Amino acid sequence: MANATVDDLDETEANRRRFTEKLSNPASFLWTMLIFLIIVGFVCSILYRQAAQAFQTNPGLNGL
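According to this note's numbering, the sequence shown holds residues 1223 to 1286 in order.
Written out as structure tokens, the structure reads:
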């Protein structure tokens, strides 16, 4: 970095500007993750009773 010139710094700044234009908005990915987590939570809440009962009826097998 000690041998860097002003031209080198301008070139890296130009590269940064070029790459920032290509970034997409993360909001769509966040909404997709949120919807997926809501669905998984809903399925877990439905299956919780059955899973809890299955684990409580087999303490010996579950302790292995």
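Just so it is clear, CB atoms sit at the ideal spot from N, CA and C, and this is done for glycine as well.
Here the structure is a predicted model, which means the values were calculated and not measured.
In the DSSP annotation of this structure, the continuous segment of the alpha helix (DSSP H) that includes N1284 starts and ends at 1281 to 1284. Excluding sequence positions up to five before and after N1284, its CB lies within less than 8 Å of the CB of F1277, all in the same chain and listed in chain order.
Just so you know, the alpha carbons of Y1270 and G1263 end up roughly 10 Å apart.
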